[in-house]
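Novice: This is the structure I have questions about; it appears just below.
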Amino acid sequence: MTETQNNGQPSRLIAIGDIHGCLKELIGLLHRIDPKPDDQLVFLGDYIDRGPESSGVVEYLLDLKRDFPRTIYLMGNHERMFLDFLDDIDRLTFMINGGTMTLKSYQEEEKVRIPQHHIDFIRNLPLLHETEDHIFVHAGLKVDVELAQQQEQDMLWIREDFLNRDIDFGKVVVHGHSPVDKPTLTPHRIAIDTGAVYGRYLTGCDVEKRTFWHYPDPE
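Each residue of the sequence shown is one higher than the one before, counting from 11 in the working numbering.
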């Protein structure tokens, strides 16, 4: 499942990196970005796991969509692990990759209660969003594979095969997934997972101007 932008161009096209349950950082970053109704926000996935407030992040994102209906939310590998856990496909991988923190955030009176609208939100996340000049995806793309033929496994999990070769896919690829000390800019890609959940900071990027916002401030 992919998303392609067909309607009028937004005033600003802004990507947001991996949040991982860091609600405070998300709120702080959006305060600095100060989005307007004609901006478009594209979130690159990994909203949950590891951080303390996964449930709060999901609810906040759902509320944000009501105020900014052009917002796009992509799936990350942690959302896929969450769905595999819920569907009893692979429960262990989710649990050992920060899933225990997600379940804790949904705990009420010693029981885990995950609202159905949160599950529906995650289950319906697209893998990719494409605009005239940019491809937004969680992890990256497989080299030498046409965009329409890209596989979910690569779009959610790829690392070295994509990161070590600065390939021209015809559009700039904007991604997260692989934490970096500071945003990475090359002629063909923009990487903005700056490790908020590891004590660093959350990053937003105006992808056309190639300018950044951070919260908290980088040291």
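In this text, a Cβ means the ideal position worked out from N, Cα and C, and glycines have one as well.
Which residues in the same chain have their Cβ closer than 6 Å to the Cβ of N16, if we skip the five residues on either side of it in sequence?
Specialist: Note on N16: pLDDT 46, under 50, position unreliable in the model; the coordinate value appears next. Closer than 6 Å at the Cβ level, and outside the excluded window around N16, lies no residue.
Novice: Taking the alpha carbon of P193 as the point to measure from, which residue in Q159, L51, D28, Q160 has its own alpha carbon closest?
Specialist: D28
Novice: Tell me whether L51 is buried or exposed, calling it buried when 16 or more other Cβ atoms sit within 10 Å of its Cβ.
Specialist: buried
Novice: Suppose the cutoff is 8 Å on Cβ atoms and the five residues either side in sequence are ignored; what does the same chain contact list for Y211 look like?
Specialist: Counting only Cβ-Cβ distances below 8 Å, and skipping sequence neighbours, we find E35, T204, G205, H224, Y225, P226, D227, P228.
Novice: Closest to H144 by CA distance: which of E120, D178, I168, P136 is it?
Specialist: For the residues E120, D178, I168, P136, the minimum Cα distance to H144 belongs to D178.
Novice: Going by DSSP, name the residue or residues bridged to K121.
Specialist: E118
Novice: Consult DSSP for E229 and reduce its assignment to one of helix, strand or coil.
Specialist: coil
Novice: What do you reckon, are the CB atoms on P136 and R80 nearer than 8 Å?
Specialist: For P136 and R80, no; Cβs fall outside 8 Å.
Novice: Evaluate P45 with the Cβ neighbour count: other Cβ atoms within 10 Å of its Cβ, from every protein chain shown; 16 or more gives buried, anything less gives exposed.
Specialist: buried
Novice: Under 8 Å, do D176 and H148 count as touching if we go by C-beta distance?
Specialist: Result no, Cβ atoms of D176 and H148 do not sit closer than 8 Å.
Novice: Going by other Cβ atoms of all chains shown within 10 Å of its Cβ, with 16 needed for buried, is E89 buried or exposed?
Specialist: buried
Novice: Helix, strand or coil, according to DSSP, for V217 in the structure here?
Specialist: coil
Novice: On the DSSP letters alone, give me the boundaries of the alpha helix (DSSP H) that F92 sits inside.
Specialist: 87-96
Novice: Quick one: Cα of I132 to Cα of R60, how far?
Specialist: 17 Å
Novice: Nearest by alpha-carbon distance to E218: which of G186, H187, K181 is it?
Specialist: K181
Novice: Give the straight-line distance between the Cα atoms of A230 and Q117, rounded to the nearest whole angstrom.
Specialist: Nothing can be reported for residue 230, as the shown portion of the chain is limited to 11 through 229.
Novice: Since H185 is in the beta strand (DSSP E), which residue starts that stretch and which ends it?
Specialist: Unbroken beta strand (DSSP E) run through H185: 182-185.
Novice: If you draw a straight line from the alpha carbon of G108 to that of V68, how long is it in whole angstroms?
Specialist: 16 Å
Novice: Which of the three DSSP states, helix, strand or coil, is assigned to P52?
Specialist: According to the sequence displayed, residue 52 carries Val and not Pro. Correct three-state label for V52: strand.
Novice: If you follow the beta strand (DSSP E) that R133 is part of, which residue opens it and which one closes it?
Specialist: DSSP places R133 outside any beta strand (DSSP E); the residue lies instead in the alpha helix (DSSP H), whose first and last residues are 126-133.
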